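If you read the sequence shown in my numbering, its first letter stands for residue 95, the second for the next number, and so on.
Below is one structure; the comments refer to it alone.
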Amino acid sequence: MDDQNKNLIFATALSLLVILVWFVMFPPPEPAPTDPNAPAAEAQAEDPLAPTPAADPATGDTATTGTRAVSETAADAPRVAIDTPSLVGSISLQGGRIDELSLKDYRETIDPESPVVRLLTPLGSDTPYYALHGWAPGAGLTPEQVPGPNTLWQVEGGGTLTPDTPITLFWDNGAGLIFRREISVDEDYMFSVRQTVQNRGNNEVSLAPYGIIARHGKPADLKKFFILHEGVIGMADGTLAEITYDDIEDYAFNPGEGAPADVTQVTEGGWLGFTDHYWMTTLIPAPGTPFKAVTKYDPQRGIYQTETVQRTQSLAPGETITADSRLFAGAKEWATIRAYQNEGGVDRFLDSIDWGWFFFLTKPIFAVLHWLNQMIGNMGWAIIALTVLLKALVLPLAYKSYVSMAKMKELQPEMEKIKEAAGDDRQKLQQEMMALYKKEKVNPAAGCLPILLQIPIFFSLYKVIFVTLELRHAPWIGWIRDLSAPDPSTLYNLWGLLPWPAPEPGSVLALIFIGILPLCLGISMWLQQKLNPTPTDSTQKMIFAWMPWVFMFMLGSFASGLVIYWITNNLITFTQQYAIMRSHGHKPDVFGNIKSSFRRGDKPAPDTGKKK
95 MDDQNKNLIF ATALSLLVIL VWFVMFPPPE PAPTDPNAPA AEAQAEDPLA PTPAADPATG
155 DTATTGTRAV SETAADAPRV AIDTPSLVGS ISLQGGRIDE LSLKDYRETI DPESPVVRLL
215 TPLGSDTPYY ALHGWAPGAG LTPEQVPGPN TLWQVEGGGT LTPDTPITLF WDNGAGLIFR
275 REISVDEDYM FSVRQTVQNR GNNEVSLAPY GIIARHGKPA DLKKFFILHE GVIGMADGTL
335 AEITYDDIED YAFNPGEGAP ADVTQVTEGG WLGFTDHYWM TTLIPAPGTP FKAVTKYDPQ
395 RGIYQTETVQ RTQSLAPGET ITADSRLFAG AKEWATIRAY QNEGGVDRFL DSIDWGWFFF
455 LTKPIFAVLH WLNQMIGNMG WAIIALTVLL KALVLPLAYK SYVSMAKMKE LQPEMEKIKE
515 AAGDDRQKLQ QEMMALYKKE KVNPAAGCLP ILLQIPIFFS LYKVIFVTLE LRHAPWIGWI
575 RDLSAPDPST LYNLWGLLPW PAPEPGSVLA LIFIGILPLC LGISMWLQQK LNPTPTDSTQ
635 KMIFAWMPWV FMFMLGSFAS GLVIYWITNN LITFTQQYAI MRSHGHKPDV FGNIKSSFRR
695 GDKPAPDTGK KK
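Structural data, given as structure tokens:
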């Protein structure tokens with residue numbers, strides 16, 4: 095076995111091993127679990143915002159007021175409509191909750207008639223998910239003297255919340271304190287909340303502003319996929335925190351010292367909330383504002399909760415205090431989040447997108463992909479253009495590799511002579527081979543370099559295609575209407591020519607009866623092999639014969655965008671290698687190698703390449 099074939103087999107085996115490890119570490123998503131958090135029985139909860147037992151600020155539950163009762167009341171409460179270019183929903187005047195929100199630009203499936211994505215849902219729905227702002231009572235106040243989740247607010251001026259028309263909620267506690275909450279929203283997904291308290295009484299009081307995001311139960315479409323983080327996400331003084339739902343539950347059932355909650359003191363600024371695959375809801379105190387970041391789970395009612403609690407402020411008679419914060423509730427669009435980070439001052443907000451371990455590759459790769467998509471107008475063609483750019487970037491290294499492979503071909507006759515002269519003397523064979531490589535300035539390991547370079551790029555692009563929203567439901571050509579999903583065509587019905595439906599995605603039949611793109615992938619890998627003659631060794635011959643088709647089935651269930659990248663990469667690699675080998679005097683006999691692979695019993699020639 096010559097060194098070139100050893101290198102190719104080594105690189106192939108390494109790539110196959112990496113793919114297999116990838117499947118073990120990153121198994122396919124499990125079916126979405128059913129919601130275990132039906133309306134719970136009444137239970138007393140300790141308010142983490144106050145030092146004494148009181149009503150939970152998210153639900154209003156006390157020892158005598160259960161979740162079910164609150165839900166029934168909230169469903170009938172008056173509302174203020176929300177209508178922006180990106181959002182539609184409403185705010186409940188009971189508690190002033192932002193609890194009904196849908197994303198106008200995104201639908202649940204690729205069917206244009208499918209419902210739009212619903213992000214926030216009120217109490218009384220199957221899985222309530224909402225945001226709430228308020229004040230925690232301090233010295234001189236009782237919980238009843240500050241607005242709570244059941245407080246019925248009034249609207250000053252009325253109307254609909256739009257980017258041009260903010261609304262103001264008003265509540266008088268009857269004891270000298272006037273509370274106002276001004277809510278505005280931009281054209282994308284950012285709400286601004288300004289809370290003010292005016293003291294018209296005779297006594298000094300103290301209170302602390304807070305924001306809460308409460309989620310009753312896990313999301314129905316939770317992926318539970320190792321490559322993707324879903325759950326709590328936050329930034330505290332430049333440090334990113336990611337907590338899964340399971341970790342939150344573990345902490346609640348096995349708390350350390352103190353309350354069963356994760357508490358972080360933030361001094362410079364940050365944000366905290368929940369992230370899904372493509373959507374996010376995040377509390378953002380004003381930049382530079384110290385706050386307490388709290389994450390907790392109520393196992394009795396199945397409520398996950400994140401809170402940002404700002405410092406307690408004293409309010410003397412005749413004074414007014416103000417607290418500003420923002421709420422992001424929407425899609426994790428790269429350009430939008432980047433603008434909030436760079437222009438809106440939200441610290442490292444782009445890290446809310448899960449860039450993974452290879453962030454130093456995934457971030458720039460997606461930035462270029464996004465730019466190409468804007469220039470071309472189609473994400474599929476942008477992936478192809480990105481592949482061309484990546485291949486051009488690594489061309490200097492690939493060139494050296496392909497030149498080395500061409501030289502190895504030229505040295506094939508001399509290598510055969512050395513093998514015959516050495517016989518069974520392995521040490522002499524190695525010494526003679528190394529002397530030949532040194533004399534001709536050939537690196538036998540250089541042939542592995544292109545494949546080794548391709549592995550981190552492949553993983554990074556896989557991460558980008560799987561995680562980023564811009565690939566979701568992005569069409570390419572014809573039948574490819576979602577680049578983040580596998581090729582929907584199938585050999586089972588001759589890719590749509592026969593009158594029966596395709597197998598269900600994820601089934602064994604769907605894995606076996608692959609689509610058009612995976613088939614093209616296998617052919618492109620097989621064609622790339624034919625730059626070199628069929629190996630004479632039977633083991634090598636078998637490995638090379640099966641490798642393209644094994645990869646074809648293994649990658650058949652990957653996102654279409656990734657398969658497009660791999661096909662394009664194979665075709666460019668074939669062209670580069672063929673041109674470089676020709677430029678160094680070796681003419682690959684591609685058609686001869688293809689013919690020889692179909693012969694039975696014929697022993698291929700050691701080298702079918704021809705000199706110019």
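Virtual Cβ for every residue (Gly too), placed ideally from N, Cα, C.
Note that the structure is predicted; figures quoted are calculated from it, not measured.
Q) What does DSSP give as the partner residues of N297 in its beta bridges? A) Here residue 297 corresponds to residue number 203 of the sequence shown, with the count starting at 1. BP columns for N297 are empty, so no partner.
Q) What do you reckon, are the CB atoms on A380 and D418 nearer than 8 Å? A) In the sequence shown, the residue the question calls residue 380 occupies position 286. In the sequence shown, the residue the question calls residue 418 occupies position 324. D418 is positioned such that its CB atom lies closer than 8 Å to that of A380.
**Q.** Between the CA atoms of G650 and L621 - distance to the nearest angstrom
**A.** Translated into the one-based positions of the sequence shown, residue 621 becomes position 527. Translated into the one-based positions of the sequence shown, residue 650 becomes position 556. Roughly 18 Å between the two C-alpha positions.
Q: Only counting runs of 3 or more residues, tell me where the beta strand (DSSP E) segments fall wholly within the stretch 204-259, in order along the chain.
A: Counting only runs of 3 or more, we get 210-214, 223-231, 248-250.
(Q) My output table needs one value for F319: the three-state DSSP class, helix, strand or coil. (A) Locating residue 319 in the sequence shown gives position 225, where the first residue counts as 1. It is coil, neither helix nor strand.
**Q.** Local Cβ density within 10 Å of P209, reported as buried at 16 or more and exposed below that
**A.** For the purposes of this step, residue 209 is identified with residue 115 of the sequence shown, where counting begins at 1. Looking at its Cβ environment, which holds fewer than 16 other Cβ atoms inside 10 Å, P209 is exposed.
Q: Measuring alpha carbon to alpha carbon, tell me which of Q521, V488, A516, D448 ends up nearest F709.
A: A query on residue 709 cannot be resolved here, the shown segment of the chain reaching from 95 to 706 and no further.
Q | L213 vs W373 beta-carbon contact at 8 Å | A | Working through the sequence shown from its first residue, we reach residue 213 at position 119. Working through the sequence shown from its first residue, we reach residue 373 at position 279. Their beta carbons are under 8 Å apart, which means L213 touches W373 by this criterion.
Q | Member of G270, G252, G268 whose CA lies at the smallest distance from the CA of T262 | A | To locate residue 262, count along the sequence shown from 1; it is residue 168. Each of G270, G252, G268 was checked against the Cα of T262, and the nearest Cα belongs to G252.
Q. If L366 sits next to T402, beta carbons under 8 Å apart, how far is it from one beta carbon to the other, in whole angstroms?
A. Locating residue 366 in the sequence shown gives position 272, where the first residue counts as 1. Locating residue 402 in the sequence shown gives position 308, where the first residue counts as 1. With 8 Å as the limit, L366 and T402 qualify as a contact, their Cβ atoms being about 6 Å apart.
**Q.** Residue ranges of each alpha helix (DSSP H) within the stretch 562-626, 4 or longer
**A.** Counting whole runs of 4 or more residues, the stretch 562-626 contains the alpha helix (DSSP H) stretches 602-606, 610-623.
Q) Mind checking S446: buried by the 16 CB within 10 Å criterion, or exposed? A) As a first step, residue 446 must be located in the sequence shown, where it is residue number 352. With 16 or more Cβ atoms within 10 Å of its Cβ, S446 is classed as buried.
Q) Between the stretch 453-464 and the stretch 587-594, are three or more C-beta pairs nearer than 8 Å? A) Remark: fewer than three beta-carbon pairs, one from each stretch, lie closer than 8 Å, so the stretch 453-464 and the stretch 587-594 are not flagged as touching.
Q. Taking the alpha-carbon positions, what's the I459 to T667 distance?
A. Taking the first residue of the sequence shown as position 1, residue 459 is located at position 365. Taking the first residue of the sequence shown as position 1, residue 667 is located at position 573. Straight-line spacing of the CA atoms in I459 and T667 works out to 20 Å.
Q. What are the start and end residues of the alpha helix (DSSP H) that includes A529?
A. In the sequence shown, residue 529 corresponds to position 435, counting from 1. For A529, the enclosing alpha helix (DSSP H) stretches over residues 520-534.
Q.
What does the alpha-carbon distance come out to for the pair W475 and W570?
A. Your numbering for residue 475 matches position 381 in the sequence shown. Your numbering for residue 570 matches position 476 in the sequence shown. Distance between the alpha carbons of W475 and W570 is about 7 Å.
Q) Which of the three DSSP states, helix, strand or coil, is assigned to D418? A) As a first step, residue 418 must be located in the sequence shown, where it is residue number 324. In the structure shown, the three-state DSSP call for D418 is strand.
Q. Can the beta-carbon of P222 be found less than 8 Å from the beta-carbon of T215?
A. Here residue 222 refers to the residue found at position 128 when the sequence shown is read from its first residue. Here residue 215 refers to the residue found at position 121 when the sequence shown is read from its first residue. A contact, by the Cβ cut-off of 8 Å.
Q: Could you say which of S583, E336, H371, G363 lies nearest to D356 if we only look at CA atoms?
A: Reading the sequence shown from its first residue, position 262 is the one you call residue 356. Ranked by Cα distance from D356, the first of S583, E336, H371, G363 is E336.
Q) Taking the Cβ atom as the reference point for each residue, do P411 and N293 lie within a distance shorter than 8 Å? A) On the sequence shown, position 317 is the one that residue 411 refers to. On the sequence shown, position 199 is the one that residue 293 refers to. With respect to the 8 Å criterion, P411 and N293 are classified as neighbours on the basis of their beta carbons.
Q) Roughly how many angstroms lie between the CA atoms of L484 and P260, to the nearest whole one? A) Here the question's residue 484 lines up with position 390 in the sequence shown. Here the question's residue 260 lines up with position 166 in the sequence shown. Distance from the CA atom of L484 to the CA atom of P260, rounded to whole angstroms, is 47 Å.
Q. By how many angstroms is the C-alpha of D193 removed from the C-alpha of A135?
A. Position 41 of the sequence shown, counted from the first residue, corresponds to residue 135. Position 99 of the sequence shown, counted from the first residue, corresponds to residue 193. The predicted model places A135 with a pLDDT of 23, which falls under 50 and marks its position as unreliable; any figure quoted below should be read in that light. Distance between the alpha carbons of A135 and D193 is about 22 Å.
Q) For Q671 versus P642, is the C-beta spacing smaller than 8 Å? A) By 1-based counting over the sequence shown, the position of residue 671 is 577. By 1-based counting over the sequence shown, the position of residue 642 is 548. In this structure, P642 does not lie closer than 8 Å to Q671 by Cβ.
Q | Integer Cβ distance of G471 from G396, believed to fall under 8 Å | A | Residue 471 sits at position 377 when you count from the first residue of the sequence shown. Residue 396 sits at position 302 when you count from the first residue of the sequence shown. A Cβ-Cβ distance of about 45 Å is found for the pair G471 and G396, leaving them out of contact under the 8 Å criterion.
(Q) Counting C-beta neighbours from all protein chains within 10 Å, is the total for M675 16 or more, i.e. buried, or is it exposed? (A) For the purposes of this step, residue 675 is identified with residue 581 of the sequence shown, where counting begins at 1. Its Cβ being crowded by 16 or more others within 10 Å, M675 is buried.
Q) Apart from the five residues just before and just after L235, which ones in its own chain have a Cβ nearer than 7 Å to its Cβ? A) Here residue 235 refers to the residue found at position 141 of the sequence shown. Within its own chain, the residues whose Cβ lies closer than 7 Å to the Cβ of L235, once the five positions on either side in sequence are excluded, are V299, L301, listed in chain order.
Q: Can you grab the Cα-Cα spacing for the pair G686 / A433, in whole Å?
A: The sequence position of residue 686 within the sequence shown is 592, counting from 1. The sequence position of residue 433 within the sequence shown is 339, counting from 1. G686 and A433: Cα-Cα distance of roughly 56 Å.
**Q.** Reduced DSSP category for S464 - H, G, I as helix; E, B as strand; rest coil
**A.** Counting from 1 along the sequence shown, the entry for residue 464 is found at position 370. Reading off the sequence shown, one finds His at residue 464, where the question assumed Ser. H464 falls in the helix class under three-state DSSP.
Q) How long is the line joining the alpha carbons of E564 and T338, rounded to whole angstroms? A) Reading the sequence shown from its first residue, position 470 is the one you call residue 564. Reading the sequence shown from its first residue, position 244 is the one you call residue 338. Using only the alpha carbons, I get a separation of about 24 Å.
Q. Between A225, N244, A423, D340, which lies nearest to T178 when the distance is taken from Cα to Cα?
A. One-based indexing of the sequence shown puts residue 178 at position 84. The shortest Cα separation from T178 among A225, N244, A423, D340 belongs to A423.
**Q.** Where A516 sits in the DSSP three-state scheme
**A.** Stepping through the sequence shown from its first residue, residue 516 is reached at position 422. It is helical.
Q: Would you tell me roughly how many angstroms separate the C-alpha atoms of D341 and T333, rounded to the nearest one?
A: The residue labelled residue 341 in the question sits at position 247 within the sequence shown. The residue labelled residue 333 in the question sits at position 239 within the sequence shown. Going from the Cα of D341 to the Cα of T333 covers about 18 Å.
**Q.** V249 and L195 closer than 8 Å at C-beta
**A.** Along the sequence shown, one-based indexing puts residue 249 at 155. Along the sequence shown, one-based indexing puts residue 195 at 101. Cβ atoms of V249 and L195: not closer than 8 Å.
Q) Who does F273 pair with in a DSSP beta bridge? A) Stepping through the sequence shown from its first residue, residue 273 is reached at position 179. Paired residue(s): W265, V291.
**Q.** Residues near E202 in its chain [Cβ-Cβ closer than 7 Å; skip 5 each side]
**A.** Position 108 of the sequence shown, counted from the first residue, corresponds to residue 202. S208, P209, V211.
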